[in-house]
């Protein structure tokens, strides 16, 4: 066994030793939960912005009456359409900030577990802002857009940190497979989001429930990451 293999197979953190491929697979599967909220949030957004519950909160009584807000997208009030665009755009802006400006700094200075934890915290804060603030006010809508930036920042951090963590804890012969776990969970999240949107599209809190369900994943990560070892690097 080479010295590099020994590092990967015998690295120890707080009396936790992973010498078996099974444990490495479990760790990679756990860290890839971040892919769920990455894929889920991408999949859920397109569905919630056309839900009646979303329009009730952000169009009816804010920009127009019910009959106008029920028109096709091209005929909706310009300011409301701008809000919809920003609702999506600022999320991806946050992804850029997280992936480019935050992830590498935190990962190098504080470790891979720290950036995974940070990504889950940011996503949870951003999502909570979005789903728990009431609608019906332009000022509150600005806060919701800020929440979308924070959401995206968490996703950007997770898209950087989780494949990195999986590849660094993996034995050499499993590194390629474990690095791909993230993409698998992204696709699973996309699928789950569309199923949830379909099932609760007519609920009076439909868009909030659909957007909030995924909080299960980051909360699980925030708790579980303390039981995971740091990577050898």
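Residue numbers (my numbering): 28 to 260. Beta carbons are placed, not taken as given, at the ideal position from N, Cα and C, and that holds for glycine.
Would residue 244 be called buried (16 or more neighbouring beta carbons within 10 Å of its own) or exposed?
Flag for residue 244 reads buried.
What would DSSP say about residue 91, mapped onto helix, strand or coil?
If DSSP states are grouped into helix, strand and coil, residue 91 belongs with the strands.
Hey, residue 158 and residue 238 are a contact pair by Cβ (cut 8 angstroms); roughly how many whole angstroms apart?
5 angstroms
For the putative contact between residue 188 and residue 134, defined by C-beta atoms under 8 angstroms, what is the C-beta separation to the nearest angstrom?
That pair is a contact at about 6 angstroms.
For residue 87 and residue 93, I'd like the C-alpha separation in whole angstroms.
5 angstroms
On a CA-only basis, which of 51, 56, 68, 54 is nearest residue 240? Give me that one, please.
68
Identify, in the order they occur along the chain, each residue of the same chain with its Cβ nearer than 8 angstroms to the Cβ of residue 247, setting aside the five sequence neighbours on each side.
60
Go ahead and label residue 72 buried or exposed: buried means 16 or more other beta carbons lie within 10 angstroms of its beta carbon, across all protein chains shown.
buried
May I ask you to report which of helix, strand or coil DSSP gives residue 98?
coil
Straight-line Cα distance separating residue 257 from residue 197
12 angstroms
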